[in-house]
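Residue numbers (the working numbering): 5 to 233.
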Amino acid sequence: RAGMVAGARDVVFHASDRGFDCGVEHNYARSLTPEQALGDDVLLAWAMNGAALLPQHGFPLRLLVPGWYGMASVKWLNRIEVIDRQFDGFQQVGTYMYRKTADEQGVPVTTMRVRSLMVPPGIPDWYTRRRLIEPGRVELFGRAWSGQGVPIAKVEVAAAGHWREARLDPVPDRYAWRGWHFEWHATPGEHELMCRATDAKGETQPIEQRFDRGGFGNNAVHRVQVTVR
């Protein structure tokens, strides 16, 4: 029977996939603290929807860390190692870090930031990709979610620059996105629609994306350009 040894510092999840990143050859590996790894919601998955995992989903075994960005959910697991020091693998300390400059030590990318998305209404113009719709009542809808299973408290929609609260679907299971709906009365002309979510901890999507050298954690408000004909 395996167990956690005294003095354990990190639990490392080693994958079979091997490749190059920034000229460094290595196998993919990520770590969690013992407390995180033993959390009730962290899973080792070998099947999905009653069937074995497909290769692209991590067959034969993968880690699932709900509420974190996908880099934590290691695919193609071949080894789990408990170590007495902080793991310093390439993908742990070299890649997934929030940094503004190349020489900055950075802050680890972990849980998802609050975010919402809108299903673009109408149909896209072939050349500009702007959405084309007819004037009148338009049902806008989308999804919102946040990290660590924190519930979504509200979603707001802006048309003509004025934020108004959307209607939320019933509270879903933990870690699931929450649906939202908003009725917009479209008038002829050019419009920019935006949506933003706020979670139960008071975190709200920024209007403009905070700068990150690697582009990680992008959760700026979703903008959709619309032409009402």
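Note that CB positions come from ideal geometry on N, CA and C, so glycine has one too.
Item: One or two residues paired with M198 in a DSSP bridge; Value: A162 and R227
Item: Contacting residues, own chain, Cβ-Cβ under 6 angstroms from M75 (five flanking each side not counted); Value: Y100
Item: Burial state of N259 (16 or more Cβ within 10 Å); Value: Residue 259 falls outside the range modelled here, since the chain spans only 5 to 233, and no answer is possible.
Item: Contact the segment 198–211 vs the segment 152–164: 3+ CB pairs below 8 angstroms; Value: yes
Item: Residue from D177, F94, Y73 and G140 with nearest C-alpha to G221; Value: Y73
Item: Host beta strand (DSSP E) of E187 (start-end); Value: R182 to A190
Item: Helix, strand or coil at G153 [DSSP, three-state]; Value: helix
Item: CB contact flag (Q90, D14, <7 angstroms); Value: yes
Item: For E29, the three-state DSSP class (helix, strand or coil); Value: strand
Item: The segment 39–49 / the segment 62–69 touching (three or more Cβ pairs under 8 angstroms); Value: yes
Item: Backbone secondary structure at T99 - three-state DSSP; Value: helix
Item: Other residues of its chain near T208: CB distance less than 8 angstroms, five sequence neighbours each side excluded; Value: V118, R200, A201 and T202
Item: Buried or exposed (CB count within 10 angstroms, at least 16 for buried), L58; Value: exposed
Item: Residues that G206 bridges to, as DSSP identifies them; Value: For G206, which the question treats as bridged, DSSP gives no partner whatsoever.
Item: Contact set for V123: own chain, Cβ-Cβ below 7 angstroms, skip 5 residues either direction; Value: F145 and G146
Item: R134 to P128 span [Cα, whole Å]; Value: 5 angstroms
Item: For E39, the three-state DSSP class (helix, strand or coil); Value: helix
Item: With 16 other Cβ atoms within 10 Å as the buried cut-off, status of Q60; Value: exposed
Item: Candidates H166, E143, L172 and R168: closest to I156 by CA position; Value: L172
Item: F215 (DSSP reduced to helix, strand or coil); Value: coil
Item: Which listed residue (Y32, H30, G27 and W80) has its alpha carbon closest to that of W50; Value: W80
Item: Same chain only: Cβ atoms within 6 angstroms of P192, ignoring 5 sequence neighbours per side; Value: P139 and V232
Item: Beta-carbon contacts of A170 that lie in its chain and below 7 angstroms, excluding the five residues immediately before and after; Value: V159, E160, V161, W184, H185 and F186
Item: Beta carbon of V16 nearer than 7 angstroms to that of A33; Value: yes
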